[in-house]
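**Q**
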Amino acid sequence: NAGVTQTPKFRVLKTGQSMTLLCAQDMNHEYMYWYRQDPGMGLRLIHYSVGEGTTAKGEVPDGYNVSRLKKQNFLLGLESAAPSQTSVYFCASSDTGSGTEAFFGQGTRLTVV
Amino acid sequence: TQLLEQSPQFLSIQEGENLTVYCNSSSVFSSLQWYRQEPGEGPVLLVTVVTGGEVKKLKRLTFQFGDARKDSSLHITAAQPGDTGLYLCAGQTDSWGKFQFGAGTQVVVTP
């Protein structure tokens, strides 16, 4: 009963380094999302996908790229990390349509020094 | 600028007291959801409301969706320490299902 799994759970990067966060869901959901959560800011949408092979920009997409090559996986990439990208990152998935529930992973705490 | 404004930002009460958290917007939502998040975890859905004026009850929690589908409230009766957490509202403005979240209300219930 895995649901949404994020890896890694913690990471420290130096400014300028790159990394990829992996999100995997086993619920056959069409929609997947990447959010960042910062104190006092709530969850802000970075990118999302409405199906395999599709991606779209959210509220704060700059500095991030995503890919959805397989329906169950949604990857978030940071090409050149900056201290402003220090945050907790959450992946979520949902079935299609309005009123559906979003299922979240446990988050990845990323620190860029 | 947050699409959804939540108030208050922080609420500290004693066990047994009642509390109300608000979620307001100038936008109309096709559905609105409330989530609770505990430290080190992702948010977990509490309820979804879709009809203007709708009231839903979940044990000691009462959720209301405004008639115009622009605002919502969460009322907790006789709060318990287990109710401690970050309460987030999330709205969907189109049929695609994309969620937009408020900044959250941190609720602390002390014994």
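From first to last, the protein sequence lines are chains A and B.
Here the first sequence stands for residues 1 to 113, where the numbers follow the working numbering.
Here the second sequence stands for residues 1001 to 1111, where the numbers follow the working numbering.
For glycine and all other residues, C-beta sits at the position ideal for the given N, C-alpha and C.
What does L21 of chain A touch in chain B if you count any residue whose Cβ is under 7 Å from its own?
**A** Result: empty, since nearest Cβ-Cβ is about 14 Å, beyond 7 Å.
**Q** Who are the Cβ neighbours of E59 of chain A in its own chain at under 6 Å, not counting the five residues just before and after it?
**A** A distance below 6 Å between beta-carbons, with the five flanking residues on each side excluded, links E59 of chain A to the following residues of its chain, in chain order: R44, L45.
**Q** Between M41 of chain A and chain B, is any beta-carbon pair separated by less than 8 Å?
**A** yes
**Q** Let me know the secondary structure DSSP gives Q1080 of chain B once reduced to three states.
**A** coil
**Q** By alpha-carbon positions, which one of B:K1098, B:N1018, B:L1004 ends up nearest to V1108 of chain B?
**A** B:N1018
**Q** State the start and end residues of the unbroken beta strand (DSSP E) segment that holds E1005 of chain B.
**A** 1005 to 1007
**Q** Please list, in chain order, the residues of the segment 51 to 81 of chain A that have any C-beta partner in chain B closer than 9 Å.
**A** A56, G58, E59
**Q** Just tell me which of B:Q1006, B:S1012, B:L1004 has its CA closest to the CA of D1083 of chain B.
**A** B:S1012
**Q** Residue range of the beta strand (DSSP E) that K1056 of chain B falls in?
**A** Its beta strand (DSSP E) spans residues 1055 to 1058.
**Q** How would you list, in chain order, the residues of chain B whose beta-carbon sits under 8 Å from the beta-carbon of Q106 of chain A?
**A** G1040, E1041, G1042
**Q** Put S84 of chain A into one of helix, strand or coil per three-state DSSP.
**A** Helix, per DSSP.
**Q** Excluding the 5 residues preceding and the 5 following D1067 of chain B in the sequence, name in chain order all residues of the same chain whose CB lies nearer than 8 Å to its CB.
**A** Counting only Cβ-Cβ distances below 8 Å, and skipping sequence neighbours, we find G1052, G1053.
**Q** Can a CB atom of chain B be found closer than 8 Å to the CB of L110 of chain A?
**A** no
**Q** Could you check whether the Cβ of A102 of chain A sits closer than 8 Å to any Cβ belonging to chain B?
**A** yes
**Q** Starting from F1099 of chain B, follow its DSSP beta bridges and name the residues at the other end.
**A** B:Q1092
**Q** With the cut-off set at 8 Å, would you say V12 of chain A and V113 of chain A are in Cβ contact?
**A** yes
**Q** Report yes or no: is there a C-beta of chain B within less than 8 Å of the C-beta of Y89 of chain A?
**A** no
**Q** Could you check whether the Cβ of G16 of chain A sits closer than 8 Å to any Cβ belonging to chain B?
**A** no
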